[in-house]
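Worksheet: the structure to be examined is printed underneath.
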Amino acid sequence: MLFDDINSFVSSLPSKLVENSGRYSFEFVIAERKALLSTKKLIYRAVFLIDDVKKEIRFNEMLKESGSGVNSGIDGSPAGFGFKTETYNTFTGARTGNITEQSELFGKKYYYSFDYSKVRAGIEATAVKAGYGFKYQVTPISIGKTTK
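For what it's worth, this note's numbering labels the leading residue of the sequence shown as 3, then goes sequentially.
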């Protein structure tokens, strides 16, 4: 029941749920920049676990940037063809913090009006309606496994 309700909510987004070892995730592009022969995308990613024993959902979200194509070298990276993927979360040195801080950082590079708090609030409301608690986790690794 809870999974079906969450799946229905995620289906209303431009995404679908993927299951891996009991953890669920979904992601979608929220902004894209194209310049000459290169493309950069800003991706919203959420990971969560439904713990039926504790009756809670453990949830994490992040912004991820990926790019490919020919680089002109203007932004300080070497010129030429290549593919680069970067993920920013609490483990990546200078770009630490929660999704609000990440959004402020990426807001300087991309224009987007995506409100990530609505996604989190939708998952939380679905959990509460089903009688589950909602626990925000700082890192996706700390989501862990279900209690048996």
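Cβ coordinates follow ideal geometry from the N, Cα and C atoms, glycine included.
Being a predicted model, the structure only gives us computed values, none of them experimental.
Of all the options the options, which has the alpha carbon lying nearest to the alpha carbon of residue i?
{"i": "K56", "options": "K137, S23, F28 and P16", "result": "K137"}
{"i": "R60", "options": "V20, F50, K131 and V121", "result": "F50"}
{"i": "S14", "options": "Q139, A132 and F30", "result": "F30"}
{"i": "F32", "options": "P16, S23 and L38", "result": "Just to set this straight, residue 32 is Ile in the shown sequence, not Phe. The candidate whose alpha carbon is nearest that of I32 is P16."}
{"i": "M64", "options": "L4, D117 and L39", "result": "D117"}
{"i": "E34", "options": "D53, K66, A129 and V20", "result": "K66"}
{"i": "K143", "options": "A48, D6, S10 and N9", "result": "Note that residue 143 is Ile in the sequence shown here, rather than Lys. Answer by Cα proximity: A48."}
{"i": "S10", "options": "Q139, G124 and D54", "result": "G124"}
{"i": "S23", "options": "L4, I45, V12 and D53", "result": "D53"}
Alpha carbon to alpha carbon, how far is residue j from residue i? Give it in angstroms, no decimals.
{"i": "V140", "j": "N62", "result": "6 Å"}
{"i": "K18", "j": "F28", "result": "6 Å"}
{"i": "R25", "j": "I8", "result": "13 Å"}
State the CB to CB distance for the pair residue i and residue j, rounded to an integer number of angstroms; the pair is presumed to be in contact (CB under 8 Å).
{"i": "L4", "j": "A132", "result": "4 Å"}
{"i": "G146", "j": "E58", "result": "Actually they do not touch by this definition, with Cβ atoms about 12 Å apart."}
{"i": "S70", "j": "I45", "result": "Not quite, the Cβ-Cβ distance comes to about 13 Å (not below 8 Å), so this is no contact."}
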